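Take a look at the structure set out below.
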Amino acid sequence: EPEVTQTPSHQVTQMGQEVILRCVPISNHLYFYWYRQILGQKVEFLVSFYNNEISEKSEIFDDQFSVERPDGSNFTLKIRSTKLEDSAMYFCASTRGRAAYEQYFGPGTRLTVT
Amino acid sequence: GDSVTQMEGPVTLSEEAFLTINCTYTATGYPSLFWYVQYPGEGLQLLLKATKADDKGSNKGFEATYRKETTSFHLEKGSVQVSDSAVYFCALTRGANNLFFGTGTRLTVIP
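Listed in order, the protein sequences are those of chains A and B. Going by my numbering, the first residue of the first sequence is number 1, and it counts up by one from there. Going by my numbering, the first residue of the second sequence is number 1001, and it counts up by one from there.
In structure tokens, the structure reads:
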């Protein structure tokens, strides 16, 4: 069964450094997402991406964040200058369509900013 | 704004016990409602969904009914197994693609 994959599973970085989290969505899916979960808190929507552009973003997704689909298979989330509060589990998801279509999630990348 | 409130965990049950995990939501219009499950070391998987009032979603012995009058979507299972141990997330989406999640409820089933 096709699945969403994410690398790395755990990333440790120092405050102020840039990090890139990588995701490979399911190949025939058209919509891509990033979510994050700070320990003990809700899973929060960050951004959705369709047709090579951002379709929606939350207020969390500020200028420090960017997304890219560089080669038709990978989908990346970049944080330019990490802060301590960026420490969280980051989930990538993809889906064939909108609204009630199932979103398929990857296993997550745990980002620890020290 | 849209939000989901989910029963706090953790929940520990003996095998074959009855499970209820409460979920209520706040949303304008007619959201679609979901339960996702996360097994250890894995991503979130869709467990069941309901797209309109009075719909019942069901899968693997779990079920939940979309109750518009009480804005609820409680998850139930009549007889849990050790393999059901996981974190369960209630979520909604309303037209737009992004999901709004609850905080998750960790279920541990002991033999």
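From the three backbone atoms N, C-alpha and C, an ideal C-beta is built for every residue, glycine too. Note that the structure is a prediction, hence the values are computed from the model and not measured.
Exercise for the section: Identify the contact partners of P25 (chain A) in chain B, using a Cβ-Cβ distance below 7 Å as the criterion. Expected result: As a working note, residue 25 (chain A) is residue 25 in the first sequence. None at all; the shortest Cβ gap to chain B is about 12 Å.
Problem - Where L1046 (chain B) meets chain A, residues with beta-carbon distance less than 7 Å - result: Against the second sequence, residue 1046 (chain B) aligns to sequence position 46. Those within 7 Å of L1046 (chain B) in chain A are E102.
Problem - Cβ pair T1020 (chain B), T1108 (chain B) closer than 8 Å - result: As a position in the second sequence, residue 1020 (chain B) is number 20, starting the count at 1. As a position in the second sequence, residue 1108 (chain B) is number 108, starting the count at 1. No, Cβ-Cβ distance for T1020 (chain B) and T1108 (chain B) is not below 8 Å.
Problem - Under 8 Å from the C-beta of F91 (chain A): neighbouring residues of chain B - result: Taking the first sequence and counting its residues from 1, the one referred to as residue 91 (chain A) is at position 91. In chain order: G1043, L1044.
Practice task
State the beta-bridge partners of G1057 (chain B) as determined by DSSP.
Solution key: Here residue 1057 (chain B) is taken as the residue at index 57 of the second sequence, counted from 1. According to DSSP, which records beta bridges pairwise, G1057 (chain B) is partnered with B:A1064.
Handout entry: Proximity winner among A:R36, A:F61, A:Q11, A:E85, relative to C115 (chain A) (alpha-carbon distances)
Key = The question about residue 115 (chain A) has no answer here: the residues shown for chain A are numbered 1 through 114.
Exercise for the section: Please name the residue or residues paired with T1162 (chain B) in a DSSP beta bridge. Expected result: Since the first residue of chain B shown is 1001 and the last is 1111, residue 1162 (chain B) is not available in this structure.
Problem - Below-8 Å beta-carbon distance, Q41 (chain A) vs any chain B residue - result: For the purposes of this step, residue 41 (chain A) is taken as the residue at position 41 of the first sequence. True, the Cβ-Cβ gap to chain B drops below 8 Å.
Handout entry: Distance cut-off 7 Å: V1011 (chain B) Cβ against heavy atoms of the ligand PLP
Key = Judged by which ligands are present, the structure shown has none, so any question about the ligand PLP falls away.
Handout entry: Q1038 (chain B), buried or exposed, once every other Cβ within 10 Å from all chains shown has been counted against 16
Key = The residue given as residue 1038 (chain B) occupies position 38 in the second sequence. Per the 10 Å Cβ criterion, buried.
Problem - is_contact[T1105 (chain B), chain A] using C-beta, thresh 8 Å - result: Here the question's residue 1105 (chain B) lines up with position 105 in the second sequence. By this cut-off, T1105 (chain B) is not an interface position.
Exercise for the section: For L84 (chain A), name the three-state secondary structure that DSSP assigns. Expected result: Translated into positions along the first sequence, residue 84 (chain A) becomes position 84. Helix, per DSSP.
Handout entry: is_contact[E8 (chain A), chain B] using C-beta, thresh 8 Å
Key = Here residue 8 (chain A) corresponds to residue number 8 of the first sequence, with the count starting at 1. Reading off the sequence shown, one finds Pro at residue 8 (chain A), where the question assumed Glu. So, not an interface residue.
Handout entry: Reduced DSSP category for S1083 (chain B) - H, G, I as helix; E, B as strand; rest coil
Key = As a working mapping, residue 1083 (chain B) is identified with position 83 in the second sequence. In this structure, S1083 (chain B) counts as helix in the three-state DSSP scheme.
Practice task
With 8 Å as the limit, tell me which residues of the segment 52-85 of chain A have their beta carbon closer than that to any beta carbon of chain B; keep them in chain order.
Solution key: S55, E56, S58
Exercise for the section: Give the residues of chain B in contact with P107 (chain A), contact being defined as C-beta atoms less than 7 Å apart. Expected result: The sequence position of residue 107 (chain A) within the first sequence is 107, counting from 1. Those are G1041, E1042, G1043, listed as they occur along chain B.
Practice task
Specify, as a first and last residue, the run of the beta strand (DSSP E) that V43 (chain A) falls within.
Solution key: Taking the first residue of the first sequence as 1, we reach residue 43 (chain A) at position 43. First-last of the beta strand (DSSP E) with V43 (chain A): 43-50.
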